[in-house]
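Count along the sequence shown from 1, then add 311; that gives the number in our numbering.
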Amino acid sequence: MDPSFNELVERAKWLANEKPIEGKNEVQVELTLPEVLRETEKLHTRLTSQMIDSERAMQLFSSKGIDLQQLSEKVEKLDAQRMFKPDELPDTDVAGFLKQHQQDHIFEMIEECQANVFNTIEKRRQQWKLQEWGQEKQRLLQMFNQADEQQAAPTMTAGGGKAVVPDAATLTAIRRLYAKELANYNKCQQQRVNLLVTFGQLVQQQLHDETTYKMWQVLEHMAKQSPLSLHHDAVQARKQSPQFVQHALLYLELTYREHVDSIIKRTRTAFNCGGIPSVYHKVTILVRLKVQEWQSLHGLVDVVRRRPLWPHVYYALRCGHLPSAMQFLKDWRDPQPELRELLELLQQFKTNPKQSQQNLHYERLKLRVCNEYSERLRFTSDRYMKAVFALVLGCDPGNPHHSVLHGMDDFLWSQLMTRREMQPPLSISDAEGMMQFMYGLDYLNSVETIPVFFQLLVLSGHFEAAIEYLSRSEANEAHAVHMAIALNELSMLGVSANELDPLLGSQKGDVSDFCRLNVMRLITKYAARFDETDTVDGLNYYYLLRHYKSVDGSNLMFKCICSFILRNFKTPMLKLMFGNPDPTDLSFYTGGFFDQLPCTTFEKNSLATMLAEELADRCEYDLASEVYLITGALDMSMHLLCCLMSQMVYLSTPKENLRRSLSMVSARLYSGAARDTVFLSAPIANLFKLLSLLMRFFDHFHGGNYSQALEILDETELIPKNSIQVAFCVSRSKVFTPEHSKVLPCVLLATMQIYFRQFKKSSSAKIVMRERAKALINFAAALPQRMSPNTNMRLVKMELQMQVD
């Protein structure tokens, strides 16, 4: 039951007086009841007044610990339009995308093409600079080699002539003589001669050059004694030959005998020495002359009646006659019996080389004499005695024996004698050291030392280095090249692996002292002199390279001749190389350079194929088609000629090369040569015939002969006369492949122009020309090939004008 108002007042009073109500625990307050009522009304008024929503929410949420102001700021920052707006879908512009993609590709192609052009230009510029520098280097080398060439100087041998530098006319004559002999050599089949002998006789009989002849002579002598190496390396076989040093000594000894004979001939009348030919008597006379020159025998031992023993023994050894040396020892009552016994053993070894192997008696005797020489004889005052023991024993190579040796011949002979048991006896560095010792450091720049150093290298067994050194001077280049050719034909040269190697070098696995000559490079460089003057002579030199392979694996002769023809290509050049077609059979070519050489029929066809491929790569289709005819490849010739005609038949400019090639191929095609037409494909033949007719059609069109042009066009059956023939002509046009279809729009335009001009010219032909023009338009629309919009526009425009008129 709710309390009444009086009860509430009573309780309020009690509360104000802080007097609790009996029986109840009342809450004590500080306000009176009217004050409480007043506060209650204020509270009610405040709560029920018009309060805004934000303030109410703030009061409600603040009591729960929520910062409503901060939350409201976050809500205000939210953009409903932006947050709830749907994502925009991309507008797909296919045309714009394709256009941009196409432009990007075009720009990339342009940039790539520009970069390729720049790279190609840079490579060609570098090649041109290298070529120019090579020419300049060759010119400078020739200038250096020609320095002091006007000075005359004696050659190596004692009775030699003078080193004379020939002029340009003489050099040309020398080259022609060599080339003539080489041409005769190439023409021989089974009766080929030794080129060393042939060229040596040529120099002796026609050039009358004593110095050059002696170089050929020493090379022929050493090559004659060198072992043939058809299946082995020439350098290895030469270095391993134990008799090579003996042959070199024999040459020097025979040459010295001739020198002694020349001295005796000059003094025979004065001394009344008669004509006894033995070496013993010749040496006796020589020593008598030497003693007279010396005027004193001081230091010589074993002298009897002013006749010293050891000069006799030395000069007998120098002449290579051991029996005379032994006889001189006997005449002087054997002052050195062990030396005479040693000479007897050496004489036996010379006649029978097998006895020298493991001869214990010779070894013990030699060791005993060597000990005596080392302990006593090397200090003797007799220079000839000292030289004899050193040469016979083959010891003390460091002693040059200046007082005894008076020239390069003597010095080389002494070195070979002391090193005769070494393999090899002399290296190239040893030979260079000997030249520096005799002629100083400038021996390479002197003309007089060229034959000297050449002979030194040949006698040392270094044929390759000798020829390379001789080829450095222009005056001796022709001799060096033909020496290399002669030795190479006998398989006596160490040859480089390919034509790009240095002129003189070594290969992997060779001993450091071994050298190989790049014969291929030497011959090609020399043959280039005949490119513009004597073509046949140059081809004879290239023929020598038929057994060699180029770096790319092709035949080197083919590659050189192909490059030669491309450098100097003219129509007569093909006739010179391959001859003319046989009138009875146009598929055979006779009378060319290769027909003069043995067994070159197959090689001629291979060369023609290589040349044709190279011309085709250079887009010279007319020339390539002519060369393919030589090989009998009529299909390839027709194919190239069709490619060329499809690009040129509609032109009004002269096409003489094309007409010449066309006439040759047509003659072969219609000559009935079964060998050519057996493997000829029908599409190529049909296309060739069609393009030939179109060529005649355009000739008449450009000449204004429209009636003849239409007759030839009707013969081709390519353009329909009426609508009925459209389907047939469309199938007929399929003979054009994509690479040959370029001519078809030109044929349509030319035909439509003829129709239009005939339509304007003759009123009686208007109906026929209008019908033909309409059939042509239908034919052009039915073609599978896509023509340019410009062509279609021009065709339609002329046809509409004819319909309107």
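A virtual CB, placed ideally from N, CA and C, is assigned to each residue, including glycine.
V806, DSSP secondary structure in three states: Here DSSP, grouped into helix, strand and coil, assigns V806 to strand.
Delimiting residues of the alpha helix (DSSP H) encompassing M745: Run containing M745: I739 to Y750, per the alpha helix (DSSP H) assignment.
Burial state of A777 (16 or more Cβ within 10 Å): Counting Cβ neighbours within 10 Å, A777 comes out buried, since at least 16 surround it.
Same chain only: Cβ atoms within 8 Å of L654, ignoring 5 sequence neighbours per side: Cβ within range, chain order: L633, A636, M637, L640 and V703.
Cα-Cα separation between D845 and A789, rounded to whole angstroms: If you take the alpha carbons of D845 and A789, they lie about 15 Å apart.
Residue closest to I574, alpha-carbon to alpha-carbon, out of E564, A559 and K601: The option with the nearest alpha carbon to I574 is K601.
Where the alpha helix (DSSP H) through T1062 begins and ends: For T1062, the enclosing alpha helix (DSSP H) begins and ends at V1054 to K1072.
Three-state secondary structure assigned by DSSP to G631: Note: G631 maps to coil in three-state DSSP.
Span separating the alpha-carbon of L856 from that of L867: The alpha-carbon separation between L856 and L867 amounts to approximately 6 Å.
Cutoff 6 Å; reference S957; Cβ partners in own chain excluding five residues on either side: Excluding the 5 residues flanking it on each side, S957 has same chain C-beta neighbours closer than 6 Å at H1051, K1053 and V1054, in chain order.
Element boundaries [alpha helix (DSSP H), containing H793]: E785 to E800 is the span of the alpha helix (DSSP H), which, as asked, contains H793.
Spatial distance of N1089 from K1032 (CA atoms): About 11 Å.
N-terminal and C-terminal residue of the alpha helix (DSSP H) that G849 is part of: For G849, the enclosing alpha helix (DSSP H) starts and ends at T846 to Y854.
Secondary structure of T901, DSSP reduced to three states: Residue state for T901 is assigned as strand, using DSSP reduced to three classes.
Close-in-space but distant-in-sequence residues of the same chain around I1023 (CB under 7 Å, 5 per side omitted): Closer than 7 Å at Cβ, skipping near neighbours: L1004, R1007, F1008 and H1011.
Residue range of the unbroken alpha helix (DSSP H) whose run includes C873: That run of the alpha helix (DSSP H) goes L867 to R878.
Extent of the continuous alpha helix (DSSP H) to which Q603 belongs: Here the alpha helix (DSSP H) through Q603 covers V590 to W605.
DSSP three-state assignment for P648, whether helix, strand or coil: Reduced to three states, the DSSP call for P648 is helix.
Identified DSSP bridge partners for R827: R827 pairs with G816.
Reduced DSSP secondary structure (H/G/I, E/B, other) of G890: Three-state DSSP puts G890 in a strand.
Buried or exposed by the 16-neighbour rule on C-beta atoms within 10 Å, applied to C930: Classification for C930: exposed.
Reduced DSSP secondary structure (H/G/I, E/B, other) of R436: Note: R436 maps to helix in three-state DSSP.
N- and C-terminal bounds of the alpha helix (DSSP H) containing G1015: No alpha helix (DSSP H) contains G1015, which DSSP labels as neither H nor E.
Supposed close pair V680, L650 - CB separation, criterion 8 Å: That belief holds up - the Cβ atoms of V680 and L650 are roughly 7 Å apart, short of 8 Å.
Among M1109, R1081 and S1044, nearest to L1060 - alpha-carbon criterion: Of the candidates M1109, R1081 and S1044, the one whose C-alpha sits nearest the C-alpha of L1060 is M1109.
Whole-number beta carbon distance between A494 and N851, since they are thought to touch under 8 Å: Confirmed, about 5 Å.
Own chain, CB closer than 7 Å to L514, minus 5 neighbours either side, in chain order: Note on residue identity: the sequence assigns Val, not Leu, to residue 514. For V514, where only same-chain residues beyond five positions count, the Cβ hits under 7 Å are D520, T523, Y524 and W527.
Sheet register partners of R618 (DSSP bridge): R618 is bridged by DSSP to V615.
Selection from S802, Y900 and S992 that minimises the alpha carbon distance to L945: It is S992.
Status (buried if at least 16 other CB within 10 Å, exposed otherwise) for I834: By the neighbour-count rule (16 or more Cβ atoms within 10 Å), I834 is buried.
Stretch-stretch touch, CB-based, cutoff 8 Å, three pairs: the stretch 680-693 with the stretch 612-632: A contact exists between the stretch 680-693 and the stretch 612-632.
CA-to-CA distance, N427 to L940, given in whole angstroms: Approximately 36 Å between the Cα atoms of the pair.
L934 and L926 closer than 8 Å at C-beta: In terms of Cβ geometry, L934 and L926 form a close pair [threshold 8 Å].
Pair within 8 Å by beta-carbon distance, A1084 and M1063: Closer than 8 Å, so yes.
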